[in-house]
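>
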Amino acid sequence: MPLLSNLLALLSLLLLSKQGFWTLAAHLGPQKPSGSTGGHKDHAAEVSTSVLALGEPCGVYTLICARGLRCMPPPRESSPLQALLQGRGVCSKNHSTRAHQRPPTTGTDSTFNGELEKGPCRKLQNAVLQSLEITVVQPNPEIYIPNCDTRGFYRRKQCWSSNQMQRGRCWCVDEDGGFLPSHIRDDGTVQCGSQ
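For any residue, its number in the working numbering is found by taking its place in the sequence shown, counting from 1, and adding 435.
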């Protein structure tokens with residue numbers, strides 16, 4: 436038995452010296468090392484341990500996908516947000532949504548699509564999402580992204596983002612975003628008026 440453990444230790448040492456620590460660590464599992472250990476690491480190995488590659492599992496609380504990739508829930512997932520919160524997403528090629536967005540309208544176009552962007556909730560939601568695109572989000576921040584209806588007005592129940600699989604705190608509002616009284620159930624969830 437001691438001979439077997441010595442052979443395993445020798446094999447590990449040979450692999451470390453041949454491939455380098457960072458390359459071996461990248462093959463051992465989903466835990467990606469961070470920080471400096473004082474050892475030599477080449478740039479390619481460092482990149483492979485700081486982002487996720489095409490097809491790797493991802494989620495809200497994992498490393499980000501490599502450039503040009505986006506963490507997407509599995510196809511036909513009934514609860515896509517839940518899948519991303521639980522780390523069941525997959526790094527996929529980024530199909531930009533910008534190509535599908537409408538160009539800015541000129542004049543006083545009052546089509547249904549134009550009305551969506553005029554609701555107070557939708558305006559705030561767009562501003563928050565645009566600010567998130569240009570900032571680096573710190574791990575596990577409390578982020579408030581408005582919950583809007585299809586007309587661009589506020590839904591009754593608004594919540595802060597979840598944090599480490601814990602629901603964010605919630606409150607009730609009217610369709611213009613004004614605070615409304617709420618009832619907290621025994622399980623800690625908020626009940627808004629006619630919900």
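Glycine residues also receive a C-beta, built at the ideal position from the N, C-alpha and C atoms.
Could you pull out every residue in the same chain whose Cβ sits closer than 7 angstroms to the Cβ of CYS556, ignoring the five residues on either side in sequence?
Looking up residue 556 in the sequence shown gives position 121. So the qualifying residues of the chain are PRO581, CYS583, GLY587, PHE588, TYR589 and GLY612.
> What distance in whole Å lies between the Cβ atoms of LEU519 and CYS506, which are believed to be in contact at a cut-off of 8 angstroms?
Here residue 506 is taken as the residue at index 71 of the sequence shown, counted from 1. Here residue 519 is taken as the residue at index 84 of the sequence shown, counted from 1. Their Cβ separation, rounded to whole angstroms, is 6 angstroms, which keeps CYS506 and LEU519 in contact under 8 angstroms.
> Hey, how far is the Cα of PRO510 from the Cα of ILE499?
For the purposes of this step, residue 510 is taken as residue 75 along the sequence shown, with counting starting at 1. For the purposes of this step, residue 499 is taken as residue 64 along the sequence shown, with counting starting at 1. Straight-line Cα distance between these residues: approximately 19 angstroms.
> So for VAL563, helix, strand or coil by DSSP?
By one-based count along the sequence shown, residue 563 stands at place 128. In the structure shown, VAL563 sits in a helix (DSSP, three-state: H, G or I).
> Within this structure, are the beta carbons of ARG591 and VAL608 separated by less than 9 angstroms?
Here residue 591 refers to the residue found at position 156 of the sequence shown. Here residue 608 refers to the residue found at position 173 of the sequence shown. Yes, the pair counts as a contact, with Cβ atoms nearer than the cut-off.
> For LEU487, which residues in the same chain have their Cβ closer than 6 angstroms to its Cβ, ignoring the five residues on either side in sequence?
As a working note, residue 487 is residue 52 in the sequence shown. CYS493, LEU498, CYS500 and CYS526, listed in sequence order.
> Do the CB positions of LEU579 and SER566 come within less than 9 angstroms of each other?
One-based indexing of the sequence shown puts residue 579 at position 144. One-based indexing of the sequence shown puts residue 566 at position 131. Going by the sequence as given, residue 579 is Tyr instead of Leu. No; because the gap between Cβ atoms is not below 9 angstroms, this pair is not in contact.
> Apart from the five residues just before and just after VAL625, which ones in its own chain have a Cβ nearer than 7 angstroms to its Cβ?
As a first step, residue 625 is located in the sequence shown; it is residue number 190 there, counting from the start. Here the set comprises LYS592, CYS605, TRP606, CYS607, SER617 and ILE619.
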